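Peer 1: Dropping the structure in here first, questions after.
In the UniProt record's numbering, the protein residues as written are 1 to 208.
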């Protein structure tokens, strides 16, 4: 529901992944822009009758990509809750907006700008090359290995004992990614994938 930057990115990606997608957009300019690229209907999803005519209740998942128009976002989400969509993902632009969407029944609420801002802050502030917070502080990062781990196996470095984080895998230049074992040796040019609590990962990444 909604083909702005957020909604169109999701629709396009799902289409490439081979999923059956129906996009609903009321702006005729956006409809013209996306016509032929995804299955698309020009309709106003704030109107429950329009959703009935589209057969929306037959879909297992709905994504509300409308964010800046708060009233429309809430109305569309409420309509989807009323017809019993099993999974509703909704975009929010603020914490209060997110709380409203959760209260009316959205199963998953996404704050893309806040999430992207937090991720970039972690990347620009240290040695992390990529950063994904999964839930409740548990995080997965891609990083260069600290000097004290270079030339040693994971067991020899005692990374988990010393730092409380776990090396999941290692990518050496010109080689395939491998899942880490205690005998995996880390070199200076490797990329390592590490998991753990965000605070512990930041401390590990801050090592010289």
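Built from N, CA and C at the ideal position, the CB exists for glycine as well.
Note that the structure is predicted; figures quoted are calculated from it, not measured.
Would you say residue 140 reaches chain D, if we count a Cβ-Cβ gap shorter than 9 Å as a contact?
Peer 2: The displayed structure is made up of one protein chain only, and chain D is not part of it.
Peer 1: Answer yes or no: do residue 106 and residue 90 have a C-beta to C-beta separation smaller than 9 Å?
Peer 2: Here the question's residue 106 lines up with position 106 in the chain shown. Here the question's residue 90 lines up with position 90 in the chain shown. For residue 106 and residue 90, yes; Cβs fall inside 9 Å.
Peer 1: Less than 9 Å separating the beta-carbons of residue 83 and residue 103?
Peer 2: As a position in the chain shown, residue 83 is number 83, starting the count at 1. As a position in the chain shown, residue 103 is number 103, starting the count at 1. Going by C-beta atoms, residue 83 is not nearer than 9 Å to residue 103.
Peer 1: Nearest-angstrom Cα distance between residue 181 and residue 110?
Peer 2: As a first step, residue 181 is located in the chain shown; it is residue number 181 there, counting from the start. As a first step, residue 110 is located in the chain shown; it is residue number 110 there, counting from the start. In a straight line, the C-alpha of residue 181 is about 35 Å away from that of residue 110.
Peer 1: Under a three-way DSSP split, which group does residue 17 fall into?
Peer 2: Position 17 of the chain shown holds residue 17. The answer is coil: DSSP assigns residue 17 none of H, G, I, E or B.
Peer 1: Since residue 100 and residue 66 should fall inside the 8 Å C-beta cutoff, what is the C-beta to C-beta distance between them, to a whole number of angstroms?
Peer 2: By 1-based counting over the chain shown, the position of residue 100 is 100. By 1-based counting over the chain shown, the position of residue 66 is 66. Rounded, the Cβ-Cβ distance is 13 Å, inconsistent with contact.
Peer 1: Short check: CB of residue 62 to CB of residue 80, under 9 Å?
Peer 2: The residue given as residue 62 occupies position 62 in the chain shown. The residue given as residue 80 occupies position 80 in the chain shown. In this structure, residue 80 lies closer than 9 Å to residue 62 by Cβ.
Peer 1: Please name the residue, chosen from 85, 133, 167, 175, that lies closest to residue 52 on a Cα-to-Cα basis.
Peer 2: Against the chain shown, residue 52 aligns to sequence position 52. Checked all of 85, 133, 167, 175; the closest Cα to residue 52 is 85.
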